[in-house]
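Since the structure comes first, as structure tokens, the remarks are kept for the end.
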Amino acid sequence: MALELNDFSLDLFSLDGKVAIVTGANTGLGQGFAVGLAKAGADLFLVTRGDNYHETKELVENAGRRAVVFQADLADRSNIKEIVAKCMEVFGKIDILVNNAGTIRRSPILEFKEEDWDAVMNVNLDAAYFLSQEVAKVMAEQRSGKIINIASMLSFQGGKFIPPYTASKHGIAGLTKAFANELAEYGIQINAIAPGYVETNNTAPIRADEKRSAEILGRIPAGQWAKPADLMGAVVFLASRASDYVNGHVLAVDGGWLAR
Ligand code: NAP
Numbered sequence: 014m015a016l017e018l019n020d021f022s023l024d025l026f027s028l029d030g031k032v033a034i035v036t037g038a039n040t041g042l043g044q045g046f047a048v049g050l051a052k053a054g055a056d057l058f059l060v061t062r063g064d065n066y067h068e069t070k071e072l073v074e075n076a077g078r079r080a081v082v083f084q085a086d087l088a089d090r091s092n093i094k095e096i097v098a099k100c101m102e103v104f105g106k107i108d109i110l111v112n113n114a115g116t117i118r119r120s121p122i123l124e125f126k127e128e129d130w131d132a133v134m135n136v137n138l139d140a141a142y143f144l145s146q147e148v149a150k151v152m153a154e155q156r157s158g159k160i161i162n163i164a165s166m167l168s169f170q171g172g173k174f175i176p177p178y179t180a181s182k183h184g185i186a187g188l189t190k191a192f193a194n195e196l197a198e199y200g201i202q203i204n205a206i207a208p209g210y211v212e213t214n215n216t217a218p219i220r221a222d223e224k225r226s227a228e229i230l231g232r233i234p235a236g237q238w239a240k241p242a243d244l245m246g247a248v249v250f251l252a253s254r255a256s257d258y259v260n261g262h263v264l265a266v267d268g269g270w271l272a273r
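Sequential numbering of the sequence shown, starting at 14, is according to our numbering.
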């Protein structure tokens with residue numbers, strides 16, 4: 014793993030010949046991650062819940078890579094093993110997993126409904142944990158692999174009206190470290206990306222709220238919301254050999270938000 018000076022070249026960032034699973038790949042950040050990985054050379058196993066995956070599939074194929082779609086509701090734990098089995102059947106290996114799928118429910122904490130707590134935790138934390146565990150078994154056999162979890166500013170802060178989202182994203186940061194500690198010996202690195210505020214469906218309600226939107230924008234040193242493409246460089250880095258000595262890290266890509 015350790016590199017000598019002469020080993021370094023931009024080839025270390027290439028994902029040629031790699032196979033990547035991305036969950037929630039039909040839209041938003043997941044679409045950006047899938048396209049970024051494809052542009053860096055990886056073939057994609059796209060996990061989506063609905064049948065609105067055509068745009069992502071086309072973008073991956075336009076980048077010259079294979080795109081295999083698997084439809085699954087990640088809130089249903091019984092789908093997890095099937096995702097891994099199907100990817101292995103099609104590609105015979107898994108080099109990269111991006112646990113991107115996520116959901117959010119907003120309500121004051123005193124009124125927060127049990128079913129909303131469960132809905133968020135099931136996808137944001139439980140699915141990421143169980144899918145990582147299944148994929149890690151394959152990667153441990155391969156003695157290599159990269160797992161990239163999608164954290165949040167809410168992995169560091171408390172927020173308001175989104176208690177399970179905050180709990181799940183703090184949990185994601187913890188899982189990232191727990192997996193990294195145990196799996197380093199198999200040549201697997203587990204890191205997380207914590208996006209700042211990104212223009213996706215997830216943030217549509219707060220962007221539509223003029224007051225809240227202005228407050229957020231006023232706090233971002235970069236002076237603008239991110240777009241999914243702003244996260245592509247980070248995912249390619251963490252998926253590539255260039256990051257082999259980075260493990261258990263939560264990388265904020267936030268336009269400077271956490272520095273305020
Ligand atoms: P998004 O546009 O709402 O995308 C969420 C993705 O997760 C969609 O593909 C969605 O599928 C999928 N998903 C949700 N529940 C699912 C389920 N039960 N089974 C399978 N797939 C499911 O939001 P996004 O902003 O791109 O979010 C992607 C990730 O980034 C999430 O983990 C989110 O927490 C995180 N994040 C976002 C921001 C931000 O500012 N946008 C900031 C920090 C972190 P459908 O389209 O079928 O619903």
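Using N, Cα and C, we set each Cβ at its ideal position, and we do this for glycine too.
Predicted model only: the values in this text are computed from it and were never measured.
- Distances from the CB of SER165 to the heavy atoms of ligand 1 include at least one below 6 Å.
- Within 10 angstroms of the beta-carbon of TYR210 lie 16 or more other beta-carbons, which makes it buried.
- Residue pairing by DSSP places ASP56 opposite VAL32 in a beta bridge.
- Considered as a whole, the segment 89-154 harbours 109-112 as its complete beta strand (DSSP E) runs of no fewer than 3 residues, in chain order.
- Rounded to the nearest whole angstrom, the C-alpha separation of GLY172 and LYS182 is 11 Å.
- Using a Cβ distance threshold of 7 Å, THR40 and ASN113 do not count as a contacting pair.
- The Cβ-Cβ distance between ASN204 and LEU251 falls below 7 Å.
- Between the C-alpha atoms of SER168 and GLU223 there is a straight-line separation of about 25 Å.
- Residue LEU59 holds the alpha-carbon nearest to the alpha-carbon of VAL81 among MET101, ASP20, LEU59 and ASP89.
- Counting only the Cα atoms, MET134 lies some 9 Å from THR116.
- For PHE104, the closest C-alpha among the options GLN84, ALA55 and SER91 is that of ALA55.
- Of the candidates ILE161, GLU228, HIS262 and ALA149, the residue whose Cα lies closest to the Cα of TYR199 is ALA149.
- In this structure, ligand 1 has no non-hydrogen atom nearer than 6 Å to the beta-carbon of LEU251.
- Under the rule that a run must span 3 or more residues, the beta strand (DSSP E) segments found entirely inside the segment 192-222 read 201-208.
- Per DSSP, reduced to three states, the secondary structure at PHE21 is coil, with no helix or strand assignment.
- According to DSSP, ASN65 shares a beta bridge with no other residue.
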